[in-house]
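As they're listed, the protein sequences go chains A and B.
Plus 112 on top of the position in the first sequence (first one is 1) and you've got my numbering.
Plus 506 on top of the position in the second sequence (first one is 1) and you've got my numbering.
A virtual CB, placed ideally from N, CA and C, is assigned to each residue, including glycine.
Worksheet for the structure shown next.
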Amino acid sequence: MTGLQDVLQHPSVWRASDALQQESCAQQTQQHTATGFPQLDKELPQHGWPKNELSEWLSPQWGIGELQLLSPALAQLSQQQRWIVWISPPWQPYGPALIQQGVNISNVLLIYAKTNSERLWAMETCLQSGACSMVLGWPNNVLPQQIKRLHLAAKKGNSWCLLMRHSDYAQHASPAPLRIMARMAGAHVELRLIKRRGSWTSHWIQFPNLLTASITSTKPTTAISAASTDINLTQQFTPTHFMPTLHAPILRDH
Amino acid sequence: MLWICIYLPLLPLEVFTQKKQQGALVVEEKSNHRRQVQLANAEAYEAGINIGSSISTALSLVSTLTIKKKDETAEWQALEQLATWAYQFTPYITLQEHTLLLEVESSLTLFKGKESLCKHVTDGLQQWGYQYSIACCSTAKSAHLLAKAKIRDKENKNLNKLFFHTDDIQQCPIDLLDMNEKTKNSLISMGLTQIKDITCLPEDAINRRFGTSLSRQLQQVTGKTNDIQKNFSLPRTFDQSIHFTEELTHSSSLLFPLKRLLSYLENYLLARQLLCNSFVVTFNERSQQRHSLVMQLAQPHYRSDYFLSLIKLKLENINLQQPVVGIKVTARYFSPMTQQTRDLFLSYQETAQSKHALIDTLTHRLGERSMHQIVINNDYRPEIAAQTRPISINLHNIAPNNTIKENNAQYDAKKTREKQRKITQASNPQQDIDATIQTQHPELTRPLWLFQQPQPLHNKKGVPVYGERLQLIKGPERIETGWWDKRPINRDYYVAQHPTGVIYWVYVDRDKSTQDQSSYTPKYQDKQWFLHGVFG
């Protein structure tokens, strides 16, 4: 038994129960940013967005709801006296909407770089400087070693790098510790953590589109009431509801 | 009073040799219409060239001899650079030919005694690379003469020290004093070789024979007469240049002289306790053309290594057409040096500083036009309500505006919290979840992405088509404004959903001619639809 203990003491051995320890550690050090969505917090390895790492956001197209999902984090990070840098975003992030979401736009910096290498250079410089709480970059093409470099830069500068890429790249290997895949499913946005620390790929996590949800709450129309019942359905059938039926056959066997 | 004299005997030569020139070099002077050698470097000495020998003799000894005319402006510039550096020790600085005089009595407490102060001075002087002799004495004149005597009579053990008494000068040769050739010859022929020989003579007799100049100098040595010195004051603007003896063809080789110039700038800024807002680096090309780099700084700074790192970034992007023969650095705009306070508990230290430093680094590589900030305007027109504007280089100028925005954001957050508190009082857990979703994510009335240019859409029986038919789920919101300037708009905005689920912000352009204001439901059969944003 002592031999087993020795093996377990080894730092490179990972155990599922470590995840629980990590949880308490994470709570103490607060090395994360709350996402604002309980269902997502639950799935993320640090129970929130990372603070000093690189993450990949893979999406088939832009505008499907990525900013709505990120805006609580943006609002929180923008309270720091550091920049939130957007490098070559596809469209202009609209100020009044960001303010509505609680983002302090005086800390928002937009950089439009002409070439891909300039974009990557700007990303790395911003991350390393320590003057940015978050860097969102839309590069055309990134090689795995460049992702690794950006990740190290993010660690050094204590900022969160979010690499926005097309979901086709999900098939490619990447050294990013967290990879988030987004897709549109009906009226919902769905996220899936295809790579995360200490766990397998997650299932698709569903988010009601905030806009349509808010419209239904104020003025229900026929088109959206169907969508809102969908939301209610999914929330009613939480795993706890299934538990009794799952246990029942086992009891009968006895 | 305590004077430190820094005497630079080889300055006329050293203003040329600092540029790393090899080989024999002499500086010529003209006396009695004859060109003769004033100073020669070590190589020239070894070849047998002596001070005072004629230029033709020197040339016959070394055919490859480099002859330079005495460059007094360069000498003064070098002295001023030294004076700027010496400003850290005292504000009372006097420049004389080849000489720097510092009055340091009032700085002794700061530097913890004269020994420690002199150590600071000598340590600093080593880095300048000049040959120097240094002497401290209670009067300026005696310090000056003793420093000269030290270099002339190196073997004299009496002079091999730093701190002197005015009596020490008595042992020095008489020709240290300023006098013409005739006086000197007659004094020596009279057997008066040391200064003590004439101090014991009656003053009247000396005045009668040699004029008052000699006795005045002696009085200045002992401090009996006032020796009024003209104080050196720092110029209002910084303007220094370096001319190369050779042409430079690589931009990397420009960095070394630049580094030196920038260290002068740093000394200057430290001496005046200022920070630099912007400076100009000018490269003089061979064909008299000038290439200027304007360095704008987001955060005023004084460190030369910081300036150099920015110039390096800029040099990567510029192309100099011809070899460079000189560099000039000018700085005119300064702001006072103030202390920054830092937060003790923040994990990301020094960010207030580096936030501006980052802007500097990025602008000098990517250009000023590629950095934007969002500016909010009080206007109903969506494209004018928020605009992206190239970042202002002097960020501190727009600070008040920012605080207003900050307040707005804080106000919004406060409202949200209040709303949240109200709603969480409700007991139903299902309602709680709905409520948190709503309060943490305030209702969107504007899209998060806006298109720079509205994109025209097809119109199919009054409904916009973007690939497929869009479903209008909220609206219309009529915006009809801007008639007072040249950009009036008259639009009905709708929130529209694409079959894929993406939600767009679209509008229909209502032109004045076919308005049907009587009917409640607007008809858009023949109107142009535009796509203006995405609720991403």
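Per DSSP, reduced to three states, the secondary structure at B/R895 is strand. Cβ proximity to chain A below 9 Å picks out nothing from the region 816 to 831 of chain B. Using a Cβ-Cβ cut-off of 9 Å, B/M877 counts as an interface residue toward chain A, since at least one Cβ of chain A sits closer than that to its own. In the DSSP assignment, A/P320 falls within the unbroken beta strand (DSSP E) covering 317 to 320. According to the DSSP assignment, A/Q240 belongs to the alpha helix (DSSP H) that extends over 228 to 241. Around the beta carbon of B/P763, 16 or more other beta carbons lie within 10 angstroms, which makes this residue buried. In this structure, DSSP gives A/I306 an extended state, which the three-state scheme calls strand. Note on geometry: alpha-carbon atoms of B/K736 and B/N783 lie some 31 Å from one another. Interface criterion not met: the Cβ of B/F750 is under 9 Å from no Cβ in chain A. By the beta-carbon neighbour count (other beta carbons within 10 angstroms, threshold 16), B/E753 is exposed. The region 160 to 176 of chain A makes no contact with the region 212 to 222 of chain A, as fewer than three CB pairs between them are under 8 Å.
According to the DSSP assignment, A/E155 belongs to the alpha helix (DSSP H) that extends over 150 to 155.
With at least 16 other beta carbons inside 10 angstroms of its own, B/T596 counts as buried.
It is roughly 30 Å from the alpha-carbon of B/S569 to the alpha-carbon of B/Y638. Take the alpha-carbon of A/L189 and the one of B/E520: they are about 57 Å apart. The C-alpha of B/Q746 lies about 28 Å from the C-alpha of B/A653. The Cβ atoms of B/I680 and B/I694 lie closer than 9 Å to each other.
B/V1008 and B/V971 do not touch by the CB rule: their CB atoms are close to 14 Å apart, not below 8 Å. Looking from the CA of A/N219, the closest CA among A/E230, A/G207, A/H278 belongs to A/G207.
C-alpha of B/R975 to C-alpha of B/V969: approximately 7 Å in a straight line. Per DSSP, B/K966 is one residue of the beta strand (DSSP E) stretching across 955 to 966. In the DSSP assignment, B/V800 forms a beta bridge with B/V786. Below the 7 Å Cβ cutoff, chain A contributes S241, G242, A243 as neighbours of B/S860, in chain order. Looking from the CA of B/H756, the closest CA among B/L781, B/I824, B/A892 belongs to B/I824. With a 10 Å radius around the Cβ and a threshold of 16 neighbouring Cβ atoms, A/S286 comes out buried. Close partners of B/W955 in chain A (Cβ separation under 9 Å): W174, G175, L179, P201, P202, W203, Q204, P205, Y206, A209. With a beta-carbon spacing of about 23 Å, A/E155 and A/S271 fall beyond the 8 Å limit used to define contacts. Closer than 8 Å at the C-beta level to chain A, one finds these residues of the region 968 to 987 of chain B: Q977, I979, K980. Between the alpha carbons of B/H1038 and B/N996 lies a gap of roughly 14 Å.
DSSP lists B/L781 as the beta-bridge partner residues of B/S841. Buried is the label assigned to B/P960, since at least 16 other Cβ atoms lie within 10 Å of its Cβ. Straight-line measurement puts the Cα of B/L567 at about 38 Å from the Cα of B/A589.
Counting only residues of its own chain and dropping the five nearest sequence neighbours on each side, B/L963 has a CB closer than 7 Å to the CB of P970, V971, Y972, V1012, W1035, F1036, L1037. Residues of chain B with a Cβ closer than 8 Å to the Cβ of A/I292 do not exist; the shortest Cβ-Cβ separation is about 15 Å. The alpha-carbon separation between B/S860 and B/K765 amounts to approximately 22 Å.
Cβ contact annotation for B/Q779 (same chain, cutoff 6 Å, sequence separation greater than five): M843, in chain order.
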